[in-house]
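Numbering-wise, the working numbering comes out as the position in the sequence shown, counting from 1, plus 41.
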Amino acid sequence: MDIFIISLLFVVALLAQVVDIVLGMGFGTIMTPLLIEMGYSPMVVLPVVLLLQAIAGFMAGFMHHFYENINFLNKKNLKVSSIFISMGVLGAIG
């Protein structure tokens, strides 16, 4: 793979992530079809895109906690977060 393709993928992924951060959606919608159209197997593309989305989601949650938009040390917030994380893991495995 030449440097132009790698640079293009980097720029498109960066722009897609910025759109995702600003609008709350779009990274997977942009990157998945683009990578599949470039010839990558869907069995490779989907887990990678989902992993990147999970990492971005955890980082967003951490930053919200850091800037005190939400307090995960509160019992109610911790319980709700734990339920959502558990359901997400079960959905990914099953």
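Cβ atoms here follow ideal geometry from the backbone N, Cα and C, with glycine treated the same way.
Query: Roughly how many whole angstroms lie between the Cα atoms of LEU91 and GLY69?; Result: 8 Å
Query: I need the DSSP call for VAL109, collapsed to helix, strand or coil.; Result: Here the sequence assigns Glu to residue 109, which means Val is not the residue at that position. Correct three-state label for GLU109: coil.
Query: ASP61: buried (16+ other C-beta within 10 angstroms of its C-beta) or exposed?; Result: buried
Query: Does MET72 pass the burial test, meaning 16 or more other C-beta atoms within 10 Å, or should it be called exposed?; Result: buried
Query: Over the uninterrupted alpha helix (DSSP H) stretch that includes ASP61, give me the two end residues.; Result: 44-64
Query: So, is LEU56 buried or exposed, given that buried needs 16 or more other C-beta atoms within 10 angstroms?; Result: exposed
Query: Compare the beta carbon distance of GLN58 and ALA95 with 8 Å and say whether it is the shorter of the two.; Result: no
Query: Which of helix, strand or coil does DSSP assign to LEU114?; Result: coil
Query: Hey, quick one: how far does the alpha helix (DSSP H) through GLY69 stretch, first residue to last?; Result: 68-78
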